[in-house]
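Its first residue numbered 713, the sequence shown is counted upward by one per residue in the numbering used here. A virtual CB, placed ideally from N, CA and C, is assigned to each residue, including glycine. What follows is one structure encoded as structure tokens, with my remarks underneath.
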Amino acid sequence: MQETEITKQTDVVALGELLIDFTENGVSNQGNPLFEANPGGAPCNVLAMLTKLGHKTAFIGKVGKDFFGTQLKEAIEQVGISSDYLYMDEQVHTTLALVHTFPDGDRDFSFYRNPGADMMLTEEEISEELIQNARIFHFGTLSMTHNGVRKATKKAIRIAEQANVLISFDPNLRPPLWDSLEDAREQVLYGLGHCQILKISDNEIQWLTGESDFTKGVEWILERYEIPLILVSMGKQGSRAYYGNFMVERQPFLQKNTIETTGAGDTFCGCILHYILEHGIDNLKGSNLKDMLTFANSAASLITTKKGALRVMPSREEIEANITK
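As structure tokens, then:
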């Protein structure tokens, strides 16, 4: 693959998994469950939300050179994410995830990834120029489950740090993909030590810190790591932002026609990064954090009314209309 010369600064570069989420979509005439092949993967979902809000984004990752890989490449290009650094593996198939949705909209994942193409990304495929010219670099832990892609991820983080690029981290813990939860914990802690923006879910912070109280969990993190902005997503309980010496909490926007929660956290995270791109991360006030969380909560609620996430992100107008209705 020839590297495209970077002439314009990229707002957000993300590294990680791009995969097919097979989500349940009814039952066939024979009584068999039907599944819809939705493009997915947390980092690209984040980029899709940012792109919908007018930002320039690029993705670093790998899919298989197969039917699904081609579908995914076309999907991110259609929503406006640069695919110049999406590689296609000749030997290993695209990673697949089957998503079972519970009546309350929550999900359970089954992964077909032993190996999957997203695990095959190498250090040599990390573009220094791309990351150096980004305003924000975003990553999660699915690109840290195995040694080769872990090295690639850590190289990208080093490049971002050396170039003073703002780093965003979402653990996005998927226990079935780890050899052990101790291994997962070690990599999550690594991520905490290398980010300025942390988005973490309620169950993840409880698992990591052993604290059921989210504020105590955040205190546990801040005793060990200097992270200027921490966001805790709490599902149906809304979200919190911890910044400096204060915490702001905003209530959720609950939708009557929620289908599933896939992508809600990624949509939320994309909106947080959108706010930081527009306002910076320094000298934020309580009113800034309230506006930021309100916008992100609204967007996250809207994505729960749709199948999948990457192709169907809400527009700024839809998000604002949902806030004022």
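* Asked: What separation, rounded to the nearest whole angstrom, lies between the Cα atoms of Ile669 and Pro887?
  -> Residue 669 lies beyond the residue range present for the chain, which begins at 713 and ends at 1037; the question has no answer from this structure.
* To do: Below 8 Å on the Cβ atoms is my guess for Thr970 versus Met1025; work out the distance and round it to an integer in Å.
  => Contact annotation, Thr970 with Met1025: C-beta distance approximately 16 Å; criterion of less than 8 Å not satisfied.
* Would you kindly report the start and end of the unbroken alpha helix (DSSP H) that includes Asn1000? => Where Asn1000 is concerned, the enclosing alpha helix (DSSP H) stretches over 998-1015.
* Val900 - containing alpha helix (DSSP H), residue span -> That run of the alpha helix (DSSP H) goes 893-904.
* Return yes when the Cβ of Phe771 is within less than 8 Å of the Cβ of Ala726, no when it is not. => Taking 8 Å as the cut-off, the Cβ atoms of Ala726 and Phe771 count as close.
* Hey, Leu985 and Ile843 are a contact pair by Cβ (cut 8 Å); roughly how many whole angstroms apart? -> Actually they do not touch by this definition, with Cβ atoms about 15 Å apart.
* To do: Assess, as a yes-or-no matter, whether the segment 903-911 is touched by the segment 878-885 under the definition of 3 or more beta carbon pairs within less than 8 Å.
  => Verdict: yes, contact present.
* To do: Decide if His850 is buried, meaning its Cβ has at least 16 other Cβ atoms within 10 Å, or exposed.
  => With a 10 Å radius around the Cβ and a threshold of 16 neighbouring Cβ atoms, His850 comes out buried.
* Which term fits Glu841, buried or exposed, when burial requires 16 or more other beta carbons within 10 angstroms of its beta carbon? -> Flag for Glu841 reads exposed.
* **CA-to-CA distance, Ile917 to Lys1002, given in whole angstroms** => Cα-Cα distance, rounded: 21 Å.
* Asked: Residue ranges of each beta strand (DSSP E) run of no fewer than 3 residues wholly in the segment 836-915, ordered along the chain?
  -> Complete beta strand (DSSP E) runs here, min 3: 846-851, 878-881, 909-913.
* To do: Along the alpha helix (DSSP H) that carries Asp978, what are the first and last residues, could you check?
  => It spans 976-991 - the alpha helix (DSSP H) in which Asp978 sits, taken as one unbroken run.
* To do: Starting from Gly929, trace the alpha helix (DSSP H) both ways and give me its first and last residue.
  => For Gly929, the enclosing alpha helix (DSSP H) stretches over residues 926-936.
* Contact belief for Phe823 with Thr806 at Cβ below 8 Å, rounded distance in angstroms -> About 12 Å; that fails the 8 Å criterion.
* Length of the line joining the Cα atoms of Phe821 and His812 -> If you take the alpha carbons of Phe821 and His812, they lie about 6 Å apart.
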